[in-house]
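Below: the structure, in structure tokens.
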Amino acid sequence: MAAIKGFKLLVDDDACTGCGNCIVVCPVNAVEPEYVMGVKKGAVSVYDKEFCTGCGNCMQVCATNAIEVQAPMPVEIEKVQKVKDHLYGKNSEIYELIKEKGPMTITQISQEMAISAKAASGYVFMLKGSGKVYEYEKTGGKYKYSTEKAKKEATGTKGEGFKSSTPPEVARKMKERLDSTIESFNTLKVRLLLETDKLDKAKAELLKKGEAND
Amino acid sequence: MNNNVKSGKKPALEVDDVSLKMKVSENEISFERITEKERRKLTYRPFDCTGCGMCFRACPVDAVIPGPSGVILKGLEKAPHMVLSPDTCTLCGICAEVCLFNVIDVEIDGKNVKDLPDYARYKKGYKFASEKCKPKEGLLCKDCEDACPRDAIKAKLEGDKNTIVRGEKLCIYCSNCEKACPEDAIKVEKIFDGEIEVDLETCTGCSLCFDICPSGSVTLPRPEKPGDRPDKIKIDTEICAFCGACEHVCPVDAIVIKRKKANYIKSEGKSWSKAWEKAFSDMLEEVEE
Chain A
1 MAAIKGFKLL
11 VDDDACTGCG
21 NCIVVCPVNA
31 VEPEYVMGVK
41 KGAVSVYDKE
51 FCTGCGNCMQ
61 VCATNAIEVQ
71 APMPVEIEKV
81 QKVKDHLYGK
91 NSEIYELIKE
101 KGPMTITQIS
111 QEMAISAKAA
121 SGYVFMLKGS
131 GKVYEYEKTG
141 GKYKYSTEKA
151 KKEATGTKGE
161 GFKSSTPPEV
171 ARKMKERLDS
181 TIESFNTLKV
191 RLLLETDKLD
201 KAKAELLKKG
211 EAND
Chain B
1001 MNNNVKSGKK
1011 PALEVDDVSL
1021 KMKVSENEIS
1031 FERITEKERR
1041 KLTYRPFDCT
1051 GCGMCFRACP
1061 VDAVIPGPSG
1071 VILKGLEKAP
1081 HMVLSPDTCT
1091 LCGICAEVCL
1101 FNVIDVEIDG
1111 KNVKDLPDYA
1121 RYKKGYKFAS
1131 EKCKPKEGLL
1141 CKDCEDACPR
1151 DAIKAKLEGD
1161 KNTIVRGEKL
1171 CIYCSNCEKA
1181 CPEDAIKVEK
1191 IFDGEIEVDL
1201 ETCTGCSLCF
1211 DICPSGSVTL
1221 PRPEKPGDRP
1231 DKIKIDTEIC
1241 AFCGACEHVC
1251 PVDAIVIKRK
1261 KANYIKSEGK
1271 SWSKAWEKAF
1281 SDMLEEVEE
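Protein chains in written order, with our numbering: chain A, 1 to 214; chain B, 1001 to 1289.
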């Protein structure tokens, strides 16, 4: 009935087990010749998205949560994405940089990315925590970081290694806080629109910076 | 910003990238258009919205995008039923007048469109005869309060007198209270009148219409005797507000609403009266289809 539709029907092929529960439960599939979804090669494939009415039966019944009906978001998504990238997207950029150029020290990273060494070490710390980046080698008291694990095990006793200037508890809390904010950006679809106060803060900061530069 | 360019740094985010057209507070989404001559503002309260799709059907520029109402009703995703896109919306105010639930407001220079006489609107008739309203066996009678599906009525007992207070913004003129009143003190002039057709063969009995109905006119009958096979759903047109929520939400289009009468005041003599006439009569055209 509806010509315009804001929502999307998404199926995660990796999580889908091909059990066919969603196909049985879909009310539109029962009405011929309209056909929303069917099993093909062991995974659900969506044939005609247009017929989906967004009733949510398939989402409710899926055993592995592979189906998602995404609601439209009232905020201009691109802009939010841009701000999100600006605020939290640096570490993915750094990961790609390290992947491209091989082992790098923090000063090298900070020079390449045009950010302060402190910020760079923070991003690297986060990447290290999530297991994306490893300590590769130690030269002149400084560690080099790489996406691959070092062939030799790091020399020295157990206690040595990466030492952060911040105490571990504080660092853990900081990481948790950052992770939670990133998660809230990623998962809370609608509450995202309530996060515009974050955008406002970012805007205010930018204005402040602009004034300082002038 | 210039300093960044000189030092060869990456250009930072600019203020225009961050500023949104929409303003979002806890319960409201709003956007405005400011010109030299006038200032228009639209506010939408998504958490009070029923999701009937009236605005979606009436919008002349397709600025209303409906969300997955079933998913939202089941609580699988927290999202607004409708998304009003600020890029296409012309802020004409038709959606605000057409909405039965008063969740959309359009303001022109600070004045609500609903208060301005130049625009077409629903004729809302509600008569309460205070002399007929009596306490029940000396105690407070609140039959109408209990019957109201929207919690719009509150009954009070002041001395020997029984009175009611009605929230006009919450009322959808479904006439549940009129039916419940033992003294016939309330008379409701319904906004729409008509028929509802349910195709019981295609109906899957998913009960989404039962969940969404704002007036409680949809019921799921139970068998009285063993071996009884009652209809999957039953819609009582007497207490129906004809908002079209069930028709909008039905995944198999088994419900067809045929509105035959609409109580509304026309706007005459204005350049926009034709468009508004069309918006209101479009709701009735479904009879001929």
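Note that CB positions come from ideal geometry on N, CA and C, so glycine has one too.
Keep in mind that this is a model prediction, so the values were computed, not measured.
Can a CB atom of chain A be found closer than 8 Å to the CB of residue i?
i: residue 1208(B); result: yes
i: residue 1122(B); result: no
Using the beta-carbon of each residue, which ones in chain B are nearer than 8 Å to residue i?
i: residue 72(A); result: 1065, 1067, 1079, 1083
List, in chain order, every chain A residue whose beta-carbon is nearer than 7 Å to that of residue i.
i: residue 1074(B); result: 56, 60
i: residue 1251(B); result: 27, 28, 53, 55
Flag residue i as yes if its beta-carbon sits less than 8 Å from any beta-carbon of chain B, otherwise no.
i: residue 53(A); result: yes
i: residue 28(A); result: yes
i: residue 69(A); result: yes
i: residue 15(A); result: no
i: residue 19(A); result: no
i: residue 156(A); result: Low confidence applies here, because residue 156(A) scores a pLDDT of 45, under 50, leaving its location unreliable; read the following figure in that light. No - not a single Cβ of chain B is within 8 Å of the one on residue 156(A).
So with CB distances below 7 Å, who are the chain B contacts of residue i?
i: residue 6(A); result: 1065, 1066, 1067, 1083
Given a threshold of 16 other Cβ atoms within 10 Å of its Cβ, counted over all protein chains shown, does residue i qualify as buried or as exposed?
i: residue 1162(B); result: buried
i: residue 1027(B); result: exposed
i: residue 1101(B); result: buried
i: residue 1057(B); result: buried
i: residue 65(A); result: exposed
i: residue 114(A); result: exposed
i: residue 1167(B); result: exposed
i: residue 1158(B); result: exposed
i: residue 1142(B); result: buried
i: residue 1091(B); result: buried
i: residue 1175(B); result: buried
i: residue 1061(B); result: exposed
i: residue 1039(B); result: exposed
i: residue 68(A); result: buried
i: residue 9(A); result: buried
i: residue 1085(B); result: buried
i: residue 237(A); result: Because residue 237(A) is not part of the residues shown, which for chain A are 1 to 214, the question remains open.
i: residue 54(A); result: buried
Residue i versus chain A: which residues are under 8 Å apart at the beta carbon?
i: residue 1071(B); result: 7, 54, 55, 56, 59, 69, 71
Using 8 Å for Cβ pairs, my map puts residue i next to residue j. What's the rounded Cβ distance?
i: residue 1236(B); j: residue 1200(B); result: In fact, because the Cβ distance is near 16 Å, the residues do not count as touching under 8 Å.
i: residue 6(A); j: residue 1083(B); result: 6 Å
i: residue 1103(B); j: residue 1045(B); result: 5 Å
i: residue 1196(B); j: residue 1257(B); result: 5 Å
i: residue 1259(B); j: residue 1192(B); result: 5 Å
i: residue 16(A); j: residue 37(A); result: About 11 Å; that fails the 8 Å criterion.
i: residue 1079(B); j: residue 1072(B); result: 5 Å
i: residue 1070(B); j: residue 1214(B); result: Residue 1070(B) to residue 1214(B), Cβ: 16 Å. No contact.
i: residue 1194(B); j: residue 1052(B); result: About 15 Å separates the two Cβ atoms, so there is no contact after all.
i: residue 105(A); j: residue 143(A); result: 7 Å
For residue i, would you say it is in contact with chain C, using Cβ-to-Cβ distances shorter than 8 Å as the test?
i: residue 1042(B); result: Of the chains in the structure shown, none is chain C; the protein chains are A and B.
- [ ] Closer than 8 Å, Cβ to Cβ, to anything on chain A: give me those residues from the region 1179-1208 of chain B, in chain order.
- [x] 1202, 1204, 1206, 1208
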